[in-house]
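First the structure, in the form of C-alpha cells, and then the observations on it.
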Amino acid sequence: MDQVYLNGSFLPAQQAQVSVFDRGFLLGDGVYEVIPVYKGKCFQLTGHLERLQASLDGVRMKNPYSNSQWKNLLEELVELNGSGDQALYLQVTRGVAPRDHVFPEGVTPTAFAMSSPLQAVPEKYKTEGAAAITLPDIRWQNCNIKAITLLPNSMLKQQALEAGALEALLIRDGYLTEGAASNAYVVIDGTIYTAPKDEKVLPGITREVVIEIALANNMPLLEEAVTEPQLKQADEIWVSSSTKEVVPITVLDGEPVGDGIPGPVWQRMDALYQQYKQNGAV
Ligand SMILES: Cc1ncc(COP(=O)(O)O)c(C=O)c1O
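Numbered as in our numbering, the sequence shown ends at 1333 without a single skipped number.
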C-alpha cells in the first residue's frame, strides 16, 4: 500500500511531502473520508463523496475535484495498491498560506489520498461482542462535519482503550449521541433507535446502510436519541463504522448489556449487512 495520491500525482508514500505552512498541519483546517474497498471496488462511494461535499460546504472550502475526478483517482489508487480489500483515506485541507486564523483568499486546496489494508473485523466481536464505556461528549457543535481536528475523539478513544473497551459512547445533555469513531444504536423492545442526523452526530455512511436494510426488511427503526438511563437498560447496543461494520456492544461500563451476548436483532442485521456487501452496492 505504498502508493499515495497528492495534488495530482501518484507517488510512493515516502516521497509525498506537504508544506509546514499547510493549514491542515498548522490549524487542523481540513476534512476527510474513510472508504472501504471490497474486492477492488469502493463501497458506497457516492455517499462518501456526497458527505465530503457537505463537509467542504460546512467549512466553506472548495472541492478540488468533481465526483468523477475523485472516482477516477481513487480507483487508480486502489489499482496501484494491488486491488483486493483496502481502506481508502482521503483528506482535503484549505492549502498552504501564511498562518492566520482567517480563511485565505485564492489558495489551492491540498488533496491527499492513501490506502491501507482493510483489517478483517475480529471474529471475537461477532461471537462475544465488545465493551464500551460512557463518557461526556466533549466535542464541538459541528459533529456533522467530518473534520480532521480529531483531538477530542482521540482522547475519548484513548480513555476507552485504557478502560479495556473498544469504544466510548458519548452523552450530551443526557442523551446518547454516537461513539467516538462510530454511530450508535440501541435496541429496546425490538425497536432500533439511533440519534437523528443533526450537528451532534456524524452522518455515517454505514448508518445509512443500516437504516436502508432495516426499512427493507421490516425491522422497526426510529431516528430518535435515547436517554442515558434508556441506554443503560437497553436489550442490545451496537456501533457502526465503515471499517468495523456493525459491532455488538455486550458490556457497558462493566455491566452486561441485555443477556451479555450479541442479540438477535444484531444477528439479523449483521447477516443482512454481509449480504448487502456481497451484492456490492456502490
Ligand atoms: C464520530 C464518528 N461517527 C460515526 C462514524 C461512522 O461513519 P461511517 O459509517 O461513515 O464510517 C465515524 C467514522 O469514523 C466517526 O468518526
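Cβ coordinates follow ideal geometry from the N, Cα and C atoms, glycine included.
In this text, all values refer to a predicted model and were calculated from it rather than measured experimentally.
E1287 vs V1261 beta-carbon contact at 7 angstroms: The answer is no: Cβ separation not under 7 angstroms.
Within 8 angstroms, do at least three Cβ pairs link the segment 1165-1173 to the segment 1092-1105? Taking 8 angstroms as the limit for Cβ pairs, the verdict is that the segment 1165-1173 does not touch the segment 1092-1105.
How would you label N1335, buried or exposed, when you count the other beta carbons within 10 angstroms and need 16 or more for buried? In the structure as shown, the chain begins at 1052 and stops at 1333. Residue 1335 is therefore absent and cannot be evaluated.
C-beta contact flag for I1199 and Y1327 at 7 angstroms: No. Outside cutoff.
Could you tell me the alpha carbon to alpha carbon distance between E1174 and D1151, rounded to whole angstroms? The C-alpha of D1151 is placed about 48 angstroms away from the C-alpha of E1174.
May I ask you to report which of helix, strand or coil DSSP gives M1052? Secondary structure at M1052: coil, using DSSP grouped into helix, strand and coil.
Would you give the residue range spanned by the alpha helix (DSSP H) that W1289 belongs to? Taken as a continuous stretch (DSSP letters only), W1289 belongs to no alpha helix (DSSP H), being part of the beta strand (DSSP E) at E1287 to S1292.
Looking at C-beta atoms only, is the number of pairs between the segment 1234-1244 and the segment 1206-1214 that lie closer than 8 angstroms three or more? By the Cβ test, the segment 1234-1244 is not in contact with the segment 1206-1214, since fewer than three Cβ pairs between them sit closer than 8 angstroms.
Neighbourhood of A1148 by C-beta distance below 8 angstroms, restricted to the same chain and skipping five residues each side: Cβ-Cβ distances below 8 angstroms link A1148 to F1072, R1074, P1155 and V1158 in the same chain, with the five nearest sequence neighbours on each side left out; the list follows chain order.
Could you round the C-beta distance between I1256 and S1293 to whole angstroms and report it? I think they count as a contact, below 8 angstroms. The C-beta distance from I1256 to S1293 rounds to 6 angstroms, short enough to meet the 8 angstroms contact threshold.
Alpha carbons only, please: which of N1268, T1185, V1297 and L1272 is nearest the one belonging to K1283? The alpha carbon of K1283 has as its nearest neighbour, out of N1268, T1185, V1297 and L1272, the alpha carbon of T1185.
On the DSSP bridge assignment, give the partners of C1093 in chain order. Paired residues: V1088.
Near T1178, what residues of its chain come up, given a Cβ to Cβ distance below 8 angstroms and the 5 sequence neighbours on each side ignored? Non-local C-beta neighbours of T1178 in its own chain, meaning closer than 8 angstroms and more than five positions away in sequence, comprise P1313, ordered along the chain.
For K1113, count neighbouring C-beta atoms within 10 Å of its own C-beta (all shown protein chains included) and say buried if the count is 16 or more, exposed if not. Label assigned to K1113: exposed.
Could you name the residues of the same chain whose beta carbon sits closer than 8 angstroms to that of R1111, not counting the 5 residues immediately before and after it, in chain order? Only F1154 meet the Cβ criterion.
Enumerate, from N- to C-terminal direction, the unbroken beta strand (DSSP E) stretches of 3 or more residues contained entirely within the segment 1167-1198. Complete beta strand (DSSP E) runs here, min 3: 1181-1187.
Check this for me: beta carbons of A1164 and L1201, under 7 angstroms apart or not? Contact: no.
Please classify D1073: does DSSP put it in a helix, a strand, or coil? DSSP places D1073 in the strand class (E or B) of the three-state scheme.
Pick from D1310, W1289 and S1106: whose alpha carbon is nearest that of I1243? Nearest neighbour of I1243 by Cα position, chosen from D1310, W1289 and S1106, turns out to be W1289.
Would you kindly report the start and end of the unbroken beta strand (DSSP E) that includes E1218? Run containing E1218: E1218 to R1223, per the beta strand (DSSP E) assignment.
Please state if the CB of V1069 and the CB of Q1139 are separated by a distance shorter than 7 angstroms. The question names Gln, but residue 1139 in the sequence shown is Leu. No, Cβ-Cβ distance for L1139 and V1069 is not below 7 angstroms.
Would you say N1234 touches ligand 1, meaning its beta carbon is less than 6 angstroms from a heavy atom? For ligand 1, at least one heavy atom lies less than 6 angstroms from the Cβ of N1234.
Taking the beta carbon of N1058 as the centre, do at least 16 other beta carbons fall within 10 Å, making it buried, or is it exposed? Counting the other CB atoms within 10 Å of its CB gives N1058 a total below 16, which places it among the exposed residues.
Anyone know if the C-beta pair for I1196 and S1106 falls short of 7 angstroms? Taking 7 angstroms as the Cβ cut-off, I1196 and S1106 qualify as a contacting pair.
Ligand 1 and S1106: does the residue's C-beta get closer than 6 angstroms to at least one heavy atom of that ligand? Shortest gap from the CB of S1106 to any heavy atom of ligand 1: 6 angstroms or more.
Any non-hydrogen atom of ligand 1 closer than 6 angstroms to T1200 Cβ: Taking 6 angstroms as the cut-off, one finds no heavy atom of ligand 1 near enough to the beta carbon of T1200.
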